[in-house]
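*Asks:* Have a look at the structure that comes next, please.
There are 4 protein chains.
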Amino acid sequence: MQSGLSWYVYTLKRLLLMKKTTLLINCPDQKGLIATVTNFILEKEGNTIYVEQHVDHALKEFFMRLECEFDSDEKKLARFKESFNTNVAAHHQMHWEMYDTDKKPKMAIFVSKYEHCLYDILGRYASGELHVKIPIIISNHADLKPIADAFNVPFKHIPVTKGNKVEAEREQISVLEEHKIDFIVLARYMQILSSDFVDRYPNKIINIHHSFLPAFPGAKPYHSAYERGVKIIGATSHYVTSDLDEGPIIEQEIVRVSHIHNVQDFILKGRDLEKIVLSRAIKHHIQHKVLVYNNKTVIFS
Amino acid sequence: MQSGLSWYVYTLKRLLLMKKTTLLINCPDQKGLIATVTNFILEKEGNTIYVEQHVDHALKEFFMRLECEFDSDEKKLARFKESFNTNVAAHHQMHWEMYDTDKKPKMAIFVSKYEHCLYDILGRYASGELHVKIPIIISNHADLKPIADAFNVPFKHIPVTKGNKVEAEREQISVLEEHKIDFIVLARYMQILSSDFVDRYPNKIINIHHSFLPAFPGAKPYHSAYERGVKIIGATSHYVTSDLDEGPIIEQEIVRVSHIHNVQDFILKGRDLEKIVLSRAIKHHIQHKVLVYNNKTVIFS
Amino acid sequence: MQSGLSWYVYTLKRLLLMKKTTLLINCPDQKGLIATVTNFILEKEGNTIYVEQHVDHALKEFFMRLECEFDSDEKKLARFKESFNTNVAAHHQMHWEMYDTDKKPKMAIFVSKYEHCLYDILGRYASGELHVKIPIIISNHADLKPIADAFNVPFKHIPVTKGNKVEAEREQISVLEEHKIDFIVLARYMQILSSDFVDRYPNKIINIHHSFLPAFPGAKPYHSAYERGVKIIGATSHYVTSDLDEGPIIEQEIVRVSHIHNVQDFILKGRDLEKIVLSRAIKHHIQHKVLVYNNKTVIFS
Amino acid sequence: MQSGLSWYVYTLKRLLLMKKTTLLINCPDQKGLIATVTNFILEKEGNTIYVEQHVDHALKEFFMRLECEFDSDEKKLARFKESFNTNVAAHHQMHWEMYDTDKKPKMAIFVSKYEHCLYDILGRYASGELHVKIPIIISNHADLKPIADAFNVPFKHIPVTKGNKVEAEREQISVLEEHKIDFIVLARYMQILSSDFVDRYPNKIINIHHSFLPAFPGAKPYHSAYERGVKIIGATSHYVTSDLDEGPIIEQEIVRVSHIHNVQDFILKGRDLEKIVLSRAIKHHIQHKVLVYNNKTVIFS
C-alpha cells in the first residue's frame with residue numbers, strides 16, 4: 000500500500016507545482032493511438048489524468064481529449080510540444096492543439112440591443128462560473144453600455160452603417176488584437192460579419208439563434224411559429240463560418256409550448272432558451288471540449 | 000352528510016345507466032359562457048363532470064371542453080342537442096360538437112412499406128390502450144399484409160400509380176364509406192392525397208413526419224441532419240390539409256443525439272419518435288381533446 | 000358577431016374596474032356543483048373566467064377552483080360572500096375560501112444561518128416574480144441580516160435558546176401579528192416550532208427539507224446518502240403540522256447524481272433543489288392553487 | 000494517408016478475427032496508470048479501443064474500464080492475463096477482471112407471482128436487446144410458468160416454505176451450478192435469500208424494489224405513499240448483500256404523481272418504473288459497466 004504521507008505530498012505537488020494541460024487530437028483511426036500518446040506523455044514526465052475518445056467509423060477518424068499534468072516549467076513544456084509534434088503527431092497525421100488548463104482564455108462579447116444574453120453571461124462571469132477573462136464588449140449601439148458598466152467590463156461602441164462596414168470591422172479587429180482576444184461570443188449581435196472577418200477566427204466565433212420545427216425563415220420567426228401553432232420552440236448555438244448560420248452546431252435545446260402561450264410567451268421562452276444554450280456552448284468551448292471536424296462538432300463529456 | 004348508500008346508488012347509476020358525452024365548443028369570448036352552458040346541461044337533467052376552458056385573447060375566442068353525464072336515452076339526448084343548438088349555441092355564435100364518450104370511433108390506417116408505426120398502433124390497439132375500432136388498413140403496397148393478419152385486422156391493397164391516382168382514391172373512399180370510418184391515420188403512408196380527398200375529411204386525417212432544427216427539405220433528411228451534426232431530431236404529427244405538411248400541429252417531440260450516433264442511429268431514434276408522437280396524437284383525437292381553430296390546435300389536458 | 004369596439008370596452012372594464020377573485024371549494028361530491036356555483040356567480044353580476052375541478056373518488060369529495068370577475072365594489076362583494084354562504088355553501092356542506100386575486104398576501108420568512116433559500120426568495124421577490132409583500136424576516140441568528148438589508152427587507156433577530164423558547168415564540172407571534180402576516184415560509188429555519196405556534200397557522204407555514212430514497216434519518220443526511228452511493232437526491236416542501244415533517248406535501252423534486260459527484264457536490268445540488276422546490280411551493284400557495292384535505296394537497300394547474 | 004484498402008483489411012480483421020475484451024480495474028491512485036495499462040496492452044499485440052476512468056479523491060482510489068481488441072486466440076489471451084497479473088496488476092495493488100466482450104453471460108431469473116418484470120425482461124431478451132443467455136427461471140410458485148413457456152425459457156418450480164428454506168436454497172444452487180449461471184436477477188422474488196446463498200454470488204445478484212421519499216417501511220408502501228400524498232414515487236435496483244436492501248445501488252429512477260392519481264395508478268406507475276430501472280441495471284451489468292467498491296458502484300457510461 001502507498002503510504003498516506005506520500006499520497007499527500009503527491010497531491011500537493013499536483014495542485015501547486017504541476018502544469019495542467021488539455022490536449023485535443025484528431026487523426027486517421029489506427030491501432031495503438033491511446034497507448035502511444037499516453038505513453039509518450041508518461042515518458043516526458045507527464046501524467047494523463049483523464050482520457051476520452053471517439054471514432055467516427057464512417058470517416059475513419061479518431062478523436063481524443065486528454066487532461067494531463069506535467070512536472071514542468073514553461074520551457075520544458077515547450078520542448079514537450081516540439082518533441083510531440085516531431086515524434087508522435089507527424090507519424091500519425093495528427094491535427095492537435097494543447098491548452099494550458101489553468102489559463103483563462105480571453106473572450107470578447109459582441110452585442111447590439113437585446114440584453115438578455117449579455118446579462119446572463121456577465122452574471123455567470125461575475126459569480127465565477129465561467130473560467131474566462133472578458134477584456135471587452137463591442138457593440139454597434141450604445142444602448143447596453145450601462146450593463147457593461149455595472150459589471151465593470153470595458154465597452155466599445157463601434158457604429159456599423161451600410162457605408163462603413165469595412166472600416167467598422169477593421170476597428171473591431173484592431174480592438175480584438177489589442178486585447179489579445181482568443182474567441183468571440185455573438186450575444187445576439189444583429190450584424191452579419193464579413194467572410195474576411197470570420198476567416199480570421201475559425202471555430203472561434205460562437206453565435207446563438209432561435210430554431211424551430213419547422214423552420215420559419217422570415218423576419219419575425221416567433222410570430223410565424225405562434226401563427227403555425229408549434230408545440231416546441233428551440234435555440235441553436237454554433238461556430239460562425241462564412242456560410243451564414245450553417246457553421247458547426249455546438250448545442251441545441253428546446254422547450255415545449257402550447258395553446259395557452261401567446262406570442263409574447265414564445266419570445267420570453269425563446270430568450271430563456273437562448274441564454275441557456277449560449278452559456279452551455281461557451282462552457283464547452285472554454286473547457287476545450289469541442290473538436291470541429293468536417294463542419295461538425297465532437298463534444299467531449 | 001350524504002349517506003353512503005345513496006352515494007353508491009348514484010355511482011352505480013352513473014356507471015350503468017348514464018350517457019357520457021364530450022362537448023367541444025368555441026365561440027367569441029363573452030361573459031357567462033361557463034355558467035350558461037353548465038346550467039343549461041343541469042336543467043336538461045345532465046351533469047357536468049369536468050370542464051376545461053381556454054381564451055385566445057388575441058383572437059377574442061373562447062374554447063371549452065365539457066365531460067357530461069345524462070340521465071337519458073338516445074331520444075332524449077337528440078332533443079337535448081336540438082334544444083342546445085336553438086337556445087344556447089345560436090345566441091353565442093357557437094361552433095360545437097358533441098360526442099358519445101363510450102362509443103369507439105372508427106379509425107382507418109393508411110400504410111405503405113414502413114412498418115414501425117403500424118406495429119406500434121396495432122400493439123396498443125391489441126392491448127386495449129386505444130379506445131377505437133380499426134375496421135380496415137389500406138395500403139398502396141401488399142408488404143405489410145402479414146402484420147395486419149397477425150393482429151386480425153382486415154387489409155385492403157389498393158395500388159397507386161402515376162396513372163390511376165384518381166381511381167385509387169375513389170376506391171379508397173368507397174372502402175372508407177363502406178366501413179363508416181370516422182378518421183384516418185397516415186402511418187407513414189408515402190403517397191400525397193389529393194385536395195379532393197383531404198377536403199372530405201377536414202381535421203380527420205392525422206399524419207406523422209420527422210422534423211428537424213434546421214429543416215432539411217431534401218430526399219434523405221436523416222442523412223442531411225447527420226451531415227449537419229444536429230444535436231436534436233424531432234417528429235411532428237398534424238392534421239392533413241390541402242396545404243402539404245402545413246396542417247394544424249397536434250403533437251411534437253424531440254430526442255437528443257450526439258457525435259456518437261451514426262446516421263442509422265438517427266433513423267432508429269427518429270422511428271421511435273414517430274411512433275410516440277403519432278400515438279399521442281391519435282389518443283388526443285380519440286378523446287376529443289383537440290379543437291382546431293385558425294389552422295392551430297387547442298389541446299385540452 | 001360582437002363588434003370590435005364593444006369588446007374593447009368589455010376588456011377595459013375587466014382590467015380596470017372589475018374585482019378579480021379566486022374561489023376554492025371542497026364538499027361531498029354530488030350532481031350539478033359546477034353549474035350551481037358558476038350560475039350563482041353569474042346571477043350576482045360575476046363572471047367565471049376559469050374553472051378547474053377534481054373528484055377524489057375514494058373519499059367521494061369534490062374540489063373546485065374558480066377565477067371570477069365581479070362588476071362590484073368591496074361592499075357588494077361582501078354581500079355576495081354572505082349570500083353565497085347562505086344559499087350555496089350551506090346546502091352542499093361546502094368548505095370554501097375566497098381571495099382577492101389582486102391583493103398581495105403578506106409573507107414572513109424565518110431563517111437561521113443557511114442563506115441559499117433566502118437569497119433565492121428575495122431575488123425572485125425583487126424581480127417581481129412573486130406576487131407577495133414581505134414585511135419581515137425573522138431569525139434566531141443575526142448572520143443573515145446583511146442580506147435582508149441589501150434587499151431592503153426588515154429583519155428581526157429573535158434569539159432562541161433552550162430556556163427561552165416560549166418567550167421567543169411569543170415575541171415571534173407578536174411581530175407576525177403586528178405585520179398582519181398571512182403565511183410563513185421557513186427558509187431553512189433550524190428550530191422546531193411548538194404545536195401551539197403551528198396550530199395558529201394551519202396550512203399557512205411552508206417548510207423545505209431534503210429527502211432521499213432511501214431516507215437517511217441521522218444528523219448528516221447528505222454524507223449518509225453519499226456513503227450509500229445513491230443515484231438520486233431530492234427535496235420536499237410541505238405545510239407544517241404539529242407532526243414534525245409529516246404535514247401535507249406541496250411539491251417534491253429530485254436531481255440525478257453519480258459516482259463522479261463528491262459529498263460537497265451532493266450538498267450543492269441539494270441546495271439548488273431546495274431553492275427550486277421551495278419557490279414552486281410558495282408560488283402555488285400565493286396563487287391559491289393549493290387545497291388541503293385529509294393531510295394531502297390538491298394542486299390546481 | 001492510410002490507404003482505403005489497408006483500412007478495410009484492418010476493419011475486417013477487427014470484426015472477424017480479433018478477440019474483444021473488457022477490462023475493469025481499480026487500485027490506489029498513482030501516476031501513469033493509463034499509460035502503463037494501455038502500453039502493456041499494445042506491447043502484447045492488443046489495441047485499446049475505448050478507455051474511461053474515474054478517481055475517487057476521498058478514497059484515493061483509481062477506477063478504469065477498457066475495451067480492447069487482441070489479435071489472439073484463447074491460448075495467447077490466457078498468457079496475456081498471466082503476464083498482466085504478474086507485471087502490471089501486482090505492482091499497483093490492482094483488483095481487476097477481464098471479460099470476453101462477445102461471450103453472452105448466463106443469467107438466471109428468480110420470480111414469485113408478480114409478472115411485470117419477468118415479461119419486460121423476456122420481451123427484451125426475445126427482441127435481442129439483452130446480450131445474455133437465460134438458461135433457467137426459478138420460482139417458489141408455479142404461477143408464471145406459462146410466461147416462461149411462451150418465451151421458450153426453462154422454468155424450475157422450487158417451493159419455499161418456512162421449514163424447507165435450507166433445502167430449497169440447496170436445490171436452487173444446484174440448478175444454478177448445473178447451468179453455469181454467471182449472475183442472478185431477482186425479478187420481484189418475494190423470498191429473502193440467506194447470507195450463505197448471497198455470499199456465493201458477491202455483486203452477482205441484482206434486485207429491484209420500490210423506493211419513496213420519505214420511505215414507507217410497512218407492508219403496503221404504495222398505499223402509505225398515496226395516503227401521504229407524495230408527489231414522486233421511485234424504484235431502486237441494487238446488488239444483494241447479506242444486509243437486506245442495503246447493497247450497492249446500481250440504478251434509481253422516479254416518476255411524478257399528483258392528486259389525480261389513485262392508489263392503483265401509483266401501483267401501475269411503480270411497476271412501470273420497476274421494469275425500467277431493473278432492465279437498466281441488467282444492461283449495465285451485462286456490459287461490464289459496473290464496478291463495486293466500498294459498497295458503492297462506479298457506473299461507466
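Chains as they are written, first to last, in numbering that gives the first Met the number 0: chain A, 0 to 300; chain B, 0 to 300; chain C, 0 to 300; chain D, 0 to 300.
C-beta atoms are modelled at their ideal positions from N, C-alpha and C, and glycine is treated no differently.
Remember, it's a predicted structure, so these values are computed and weren't measured experimentally.
Taking C-beta to C-beta, are residue 255/A and residue 274/A nearer than 8 Å?
*Replies:* Against the first sequence, residue 255/A aligns to sequence position 256. Against the first sequence, residue 274/A aligns to sequence position 275. No. Outside cutoff.
*Asks:* Per DSSP, what are the beta-bridge partners of residue 204/D in this structure?
*Replies:* Residue numbering aside, residue 204/D sits at position 205 when the fourth sequence is read from its first letter. Answer by DSSP bridge pairing, in chain order: 183/D.
*Asks:* In the segment 10–40 of chain C, which residues sit with their C-beta less than 7 Å from some C-beta in chain B, listed in chain order?
*Replies:* So the close ones are 27, 29, 30, 31, 33, 34, 37, 38 and 40.
*Asks:* Counting contacts by CB-CB distance shorter than 8 Å, is residue 277/B in contact with chain A?
*Replies:* As a first step, residue 277/B is located in the second sequence; it is residue number 278 there, counting from the start. It does not; no Cβ of chain A falls within 8 Å.
*Asks:* Output yes if chain B places a C-beta closer than 8 Å to the C-beta of residue 171/C; else output no.
*Replies:* Counted from its first residue, the third sequence places residue 171/C at position 172. Residue 171/C does not count as touching chain B.
*Asks:* Short of 8 Å in beta carbon distance, which residues of its chain neighbour residue 34/D, apart from the five on each side in sequence? Order them along the chain.
*Replies:* Translated into the one-based positions of the fourth sequence, residue 34/D becomes position 35. Cβ neighbours of residue 34/D beyond the five flanking positions: none.
*Asks:* Could you tell me how far apart the beta carbons of residue 140/B and residue 112/B are, in whole angstroms, since I believe they sit closer than 8 Å?
*Replies:* Here the question's residue 140/B lines up with position 141 in the second sequence. Here the question's residue 112/B lines up with position 113 in the second sequence. Yes, residue 140/B and residue 112/B are in contact; Cβ-Cβ is about 5 Å, under 8 Å.
*Asks:* Based on the DSSP output, what are the partners of residue 52/A in its beta bridges?
*Replies:* Here residue 52/A is taken as the residue at index 53 of the first sequence, counted from 1. Note: residue 52/A sits in a beta bridge opposite 63/A.
*Asks:* Comparing the C-beta of residue 46/B with each C-beta of chain C, is any distance below 8 Å?
*Replies:* Within the second sequence, numbered from 1, the residue matching residue 46/B stands at position 47. Yes - at least one Cβ of chain C is within 8 Å of the one on residue 46/B.
*Asks:* Check whether the Cβ of residue 295/C lies closer than 8 Å to any Cβ atom in chain D.
*Replies:* Here residue 295/C corresponds to residue number 296 of the third sequence, with the count starting at 1. Yes - at least one Cβ of chain D is within 8 Å of the one on residue 295/C.
*Asks:* Note down, in chain order, each residue of its chain lying with its Cβ closer than 8 Å to the Cβ of residue 252/A, except the 5 sequence neighbours on either side.
*Replies:* Numbered from its first residue, the first sequence carries residue 252/A at position 253. 233, 234, 272, 275, 276 and 279, listed in sequence order.
*Asks:* In angstroms, rounded to a whole number, what distance separates the CA positions of residue 60/C and residue 225/D?
*Replies:* Taking the third sequence and counting its residues from 1, one reaches residue 60/C at position 61. Taking the fourth sequence and counting its residues from 1, one reaches residue 225/D at position 226. Approximately 16 Å, taken between the alpha carbons.
*Asks:* Could you tell me whether the segment 14–23 of chain B touches the segment 122–132 of chain A, where touching means 3 or more Cβ pairs closer than 8 Å?
*Replies:* Touching, no.
*Asks:* Roughly how many whole angstroms lie between the Cα atoms of residue 260/C and residue 292/D?
*Replies:* Residue mapping note: residue 260/C aligns to position 261 of the third sequence, counting from 1. Residue mapping note: residue 292/D aligns to position 293 of the fourth sequence, counting from 1. Going by the C-alpha atoms only, they are around 15 Å apart.
*Asks:* Compute the beta-carbon to beta-carbon distance between residue 66/C and residue 100/C, rounded to the nearest angstrom, for a pair I have assumed lies under 8 Å.
*Replies:* Within the third sequence, numbered from 1, the residue matching residue 66/C stands at position 67. Within the third sequence, numbered from 1, the residue matching residue 100/C stands at position 101. Their Cβ separation, rounded to whole angstroms, is 7 Å, which keeps residue 66/C and residue 100/C in contact under 8 Å.
*Asks:* Would you please state the rounded distance, in angstroms, between the beta carbons of residue 44/C and residue 69/C? I believe it to be under 8 Å.
*Replies:* Along the third sequence, read from residue 1 onward, the residue named residue 44/C stands at position 45. Along the third sequence, read from residue 1 onward, the residue named residue 69/C stands at position 70. Between residue 69/C and residue 44/C the Cβ distance is about 6 Å, and since that is below 8 Å, they are a contact.
*Asks:* Candidates 119/C, 51/C and 290/C: which alpha carbon is nearest residue 147/C's?
*Replies:* Start at 1 with the first residue of the third sequence, and residue 147/C comes out as number 148. Out of 119/C, 51/C and 290/C, 119/C has the C-alpha closest to the C-alpha of residue 147/C.
*Asks:* Against residue 247/B, what residues of chain A qualify as contacts under a CB-to-CB distance less than 7 Å, listed in chain order?
*Replies:* Stepping through the second sequence from its first residue, residue 247/B is reached at position 248. Per Cβ cutoff of 7 Å: 228.
*Asks:* In the structure shown, what three-state DSSP assignment does residue 118/B receive?
*Replies:* Within the second sequence, numbered from 1, the residue matching residue 118/B stands at position 119. Note: residue 118/B maps to helix in three-state DSSP.
*Asks:* Just the Cα atoms here: how many angstroms apart are residue 209/C and residue 186/A?
*Replies:* Working through the third sequence from its first residue, we reach residue 209/C at position 210. Working through the first sequence from its first residue, we reach residue 186/A at position 187. In a straight line, the C-alpha of residue 209/C is about 37 Å away from that of residue 186/A.
*Asks:* Looking at chain A, is there any beta carbon in it that lies within less than 8 Å of the beta carbon of residue 257/B?
*Replies:* As a position in the second sequence, residue 257/B is number 258, starting the count at 1. Yes, its Cβ sits closer than 8 Å to a Cβ of chain A.
*Asks:* Any beta carbon of chain D sitting closer than 8 Å to that of residue 52/A?
*Replies:* Counted from its first residue, the first sequence places residue 52/A at position 53. Residue 52/A counts as touching chain D.
*Asks:* CB-CB under 8 Å to residue 262/C, same chain, minus the five flanking residues each way: which ones, in chain order?
*Replies:* To locate residue 262/C, count along the third sequence from 1; it is residue 263. Cβ within range, chain order: 221, 222 and 225.
*Asks:* Secondary structure at residue 276/C, three-state DSSP: helix, strand or coil?
*Replies:* Here the question's residue 276/C lines up with position 277 in the third sequence. Correct three-state label for residue 276/C: helix.
*Asks:* Under 8 Å between C-beta atoms, does residue 1/C make it to chain B?
*Replies:* On the third sequence, position 2 is the one that residue 1/C refers to. Low per-residue confidence applies at residue 1/C: pLDDT is 48, beneath 50, and the placement is therefore not dependable, though the value from the model is reported in the following sentence. Residue 1/C counts as touching chain B.
*Asks:* Identify the continuous beta strand (DSSP E) that holds residue 156/D and give its terminal residues.
*Replies:* The residue you call residue 156/D lines up with position 157 of the fourth sequence. Here the beta strand (DSSP E) through residue 156/D covers 154–156.
*Asks:* I need the DSSP call for residue 286/B, collapsed to helix, strand or coil.
*Replies:* Walking along the second sequence from the start, residue 286/B turns up at place 287. Residue 286/B: coil per DSSP, three-state reduction.
*Asks:* Going by C-alpha to C-alpha distance, which of 289/C, 295/C and 73/C sits closest to residue 24/C?
*Replies:* Locating residue 24/C in the third sequence gives position 25, counting from the first residue. Of the listed residues, the one whose Cα sits closest to residue 24/C is 289/C.
*Asks:* Taking only the alpha-carbon atoms, compute the straight-line gap between residue 49/D and residue 115/C and give it to the nearest angstrom.
*Replies:* Here residue 49/D corresponds to residue number 50 of the fourth sequence, with the count starting at 1. Here residue 115/C corresponds to residue number 116 of the third sequence, with the count starting at 1. In a straight line, the C-alpha of residue 49/D is about 41 Å away from that of residue 115/C.
*Asks:* If residue 174/A and residue 155/A are in contact, beta carbons under 8 Å, what's the gap, nearest whole angstrom?
*Replies:* As a first step, residue 174/A is located in the first sequence; it is residue number 175 there, counting from the start. As a first step, residue 155/A is located in the first sequence; it is residue number 156 there, counting from the start. Indeed they touch by this definition, with Cβ atoms about 6 Å apart.
*Asks:* Count the other CB atoms within 10 Å of the CB of residue 56/C; is the residue buried (16 or more) or exposed (fewer)?
*Replies:* Within the third sequence, residue 56/C is the residue found at index 57, counting from 1. Exposed, since its Cβ has fewer than 16 Cβ neighbours within 10 Å.
*Asks:* Pull up the CB-CB distance for residue 190/B and residue 239/B, whole angstroms please, since I reckon it's below 8 Å.
*Replies:* Taking the second sequence and counting its residues from 1, the one referred to as residue 190/B is at position 191. Taking the second sequence and counting its residues from 1, the one referred to as residue 239/B is at position 240. That pair is no contact at about 12 Å.
*Asks:* For chain D, check one thing: does any of its Cβ atoms lie closer than 8 Å to the Cβ of residue 49/A?
*Replies:* As a working mapping, residue 49/A is identified with position 50 in the first sequence. So yes, residue 49/A belongs to the interface.
*Asks:* With a threshold of 6 Å on Cβ separation, who are the neighbours of residue 241/D within its own chain once the five nearest residues in sequence on each side are excluded?
*Replies:* One-based indexing of the fourth sequence puts residue 241/D at position 242. So the qualifying residues of the chain are 194 and 197.
*Asks:* So which of 150/C, 264/C and 142/C has the shortest CA-CA distance to residue 123/C?
*Replies:* Start at 1 with the first residue of the third sequence, and residue 123/C comes out as number 124. Residue 123/C has its Cα closest to that of 150/C, out of 150/C, 264/C and 142/C.
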